[in-house]
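Q:
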Amino acid sequence: MDVVIFAAALRRWWWLVIGLPLVVAVGGVVLTPSAPYTTEFRATVLIPGDTEDTGSAERPELMVLDDLPILVNSDVFAQATLDQLTAAGVSVVVDRDEVKRALSGSRYSRVLTVTVTHADLSAARAIADAAAAAIPDAVNAYLVTPGSEQATVQVIDQPSTPAPASTERWLRIGATTVAALFAALAIVALMATLRQPTVDQVRASASDAK
Numbered sequence: 030m031d032v033v034i035f036a037a038a039l040r041r042w043w044w045l046v047i048g049l050p051l052v053v054a055v056g057g058v059v060l061t062p063s064a065p066y067t068t069e070f071r072a073t074v075l076i077p078g079d080t081e082d083t084g085s086a087e088r089p090e091l092m093v094l095d096d097l098p099i100l101v102n103s104d105v106f107a108q109a110t111l112d113q114l115t116a117a118g119v120s121v122v123v124d125r126d127e128v129k130r131a132l133s134g135s136r137y138s139r140v141l142t143v144t145v146t147h148a149d150l151s152a153a154r155a156i157a158d159a160a161a162a163a164i165p166d167a168v169n170a171y172l173v174t175p176g177s178e179q180a181t182v183q184v185i186d187q188p189s190t191p192a193p194a195s196t197e198r199w200l201r202i203g204a205t206t207v208a209a210l211f212a213a214l215a216i217v218a219l220m221a222t223l224r225q226p227t228v229d230q231v232r233a234s235a236s237d238a239k
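Sequential numbering from 30 applies to the sequence shown in our numbering.
1) Which runs of the alpha helix (DSSP H) fall wholly inside the region 98-148 and span at least 4 residues, in chain order?
2) Apply the 10 Å Cβ neighbour rule to ARG130 and answer buried if 16 or more other Cβ atoms are within range, or exposed otherwise.
3) Going by CA-CA distance only, name the one from THR144, THR61, ALA209, ALA170 that's closest to ALA109.
4) Using 8 Å as the cut-off, can you tell me whether the region 35-47 makes contact with the region 212-225, which would need three or more C-beta pairs spanning the two stretches below that distance?
5) So which of PRO98, PRO193, LEU141, PRO175 has the shortest CA-CA distance to VAL184?
6) Excluding the five sequence neighbours on either side, which residues of its own chain have a C-beta within less than 7 Å of the C-beta of LEU150, listed in chain order?
7) Give me the Cα-Cα distance between VAL33 and SER133, rounded to the nearest whole angstrom.
8) Which residues share a DSSP beta bridge with ASP186?
9) Find the nearest neighbour of ARG10 within the set GLN113, ASP96, ARG40, judged by alpha-carbon distance.
10) Three-state secondary structure (DSSP) at SER180?
11) By DSSP, does PRO165 sit in helix, in strand, or in coil?
12) In or out: VAL299 buried (at least 16 other Cβ within 10 Å) or exposed?
13) Confirm, please, whether the CB-CB distance from PRO98 to GLU178 is below 8 Å.
14) On a CA-only basis, which of PHE70, GLN113, ILE202 is nearest LEU60? Give me that one, please.
15) Excluding five sequence neighbours on each side, which residues of the same chain lie with their C-beta closer than 8 Å to the C-beta of PHE70?
16) VAL58 lies in the alpha helix (DSSP H); which residues open and close that run?
17) Do ARG125 and ALA148 come within 8 Å of each other at the CB atom, strictly closer than that value?
18) With which residues is ALA192 paired in a DSSP beta bridge?
19) Let me make sure I understand the geometry here. Which of VAL182, ARG154, SER135, VAL119 has the alpha-carbon closest to that of PRO193?
20) Taking the CB atoms as reference points, tell me whether THR174 and ALA54 lie closer together than 8 Å.
21) Please classify ALA215 as buried or exposed, where buried requires at least 16 neighbouring CB atoms within 10 angstroms.
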């Protein structure tokens, strides 16, 4: 397609190029759910018998640490966290399944990171505080052999202030808006092709306008 013809089509259907992305952007802001609040805390976990030989796969006490994220996302830890909420008298109404969905964990070396994600700010903060209080007993109850020496679990970073994880939401809205812009340009190009005058006619019109 000739550049002159496409430029003329843009002048004619400029409202489509602007309007379609604008409608999609506004719709994205309205329809895309608000980002949930996220907070996290970190704890060190030292299993009895652990050594400085961090990379050794022959040390079962080190391999037990791989089970920490699974424990964080388990029913028993969700219940332990809920029990801490109840004991603290927190006025946040959540059930065990909701607490379980809010919790996730990851491990690097002996450091466990627990992340709490919830749509409500106060609930995210309360669940994180309760999980931090519940993690030492949960590790010793489910990852340490009964009757053996207790594991040492210390929270080294208290739960952070919950903040909305909005980056993904705005990236999604931005991506759909850009896609709408390209779609509008494609529609204009198609309409210009279907209604395309000859180059001579366009240039003649431009000359008359001068």
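For every residue, glycine included, the Cβ atom is placed at its ideal position computed from N, Cα and C. The structure displayed is predicted, hence computed values, not measured ones.
A: In brief:
1) Fully contained in the region 98-148 are the following alpha helix (DSSP H) runs of length 4 or more, in chain order: 104-117, 125-131.
2) Looking at its Cβ environment, which holds fewer than 16 other Cβ atoms inside 10 Å, ARG130 is exposed.
3) Relative to ALA109, the option among THR144, THR61, ALA209, ALA170 whose CA is nearest is ALA170.
4) Yes, since at least three Cβ pairs between the region 35-47 and the region 212-225 fall closer than 8 Å, the two stretches touch.
5) Considering only alpha carbons, the answer is LEU141.
6) The beta carbon of LEU150 sits closer than 7 Å to the beta carbons of TYR66, PRO191 from its chain, once the five residues preceding and following it are set aside; these are given in chain order.
7) Each residue's alpha carbon lies about 57 Å from the other.
8) Residue pairing for ASP186: DSSP places it in a beta bridge opposite ARG71.
9) Lying outside 30 to 239, the shown extent of the chain, residue 10 is not represented and no answer is given.
10) Before going further, note that residue 180 is Ala rather than Ser in the sequence given. Looking at ALA180 - three-state DSSP - the assignment turns out to be coil, as it is neither helix nor strand.
11) Helix, per DSSP.
12) One cannot answer for residue 299 here, as it falls past the ends of the chain, which runs 30 to 239.
13) It is not a contact, given that the beta carbons lie outside the stated cut-off.
14) Of PHE70, GLN113, ILE202, the smallest CA-CA separation from LEU60 is found for ILE202.
15) In the same chain as PHE70, and ignoring 5 residues on each side of it, the C-beta atoms closer than 8 Å to its own belong to THR142, VAL143, ALA157, ALA160, ALA161, VAL184, ASP186, GLN187, PRO188, SER189, in chain order.
16) For VAL58, the enclosing alpha helix (DSSP H) covers residues 43-60.
17) In this structure, ARG125 does not lie closer than 8 Å to ALA148 by Cβ.
18) Paired residues: THR67.
19) The shortest C-alpha separation from PRO193 is found at ARG154.
20) The Cβ atoms of THR174 and ALA54 lie no closer than 8 Å to each other.
21) The Cβ neighbour count for ALA215, taken over all protein chains shown within 10 Å, is under 16; the residue is labelled exposed.
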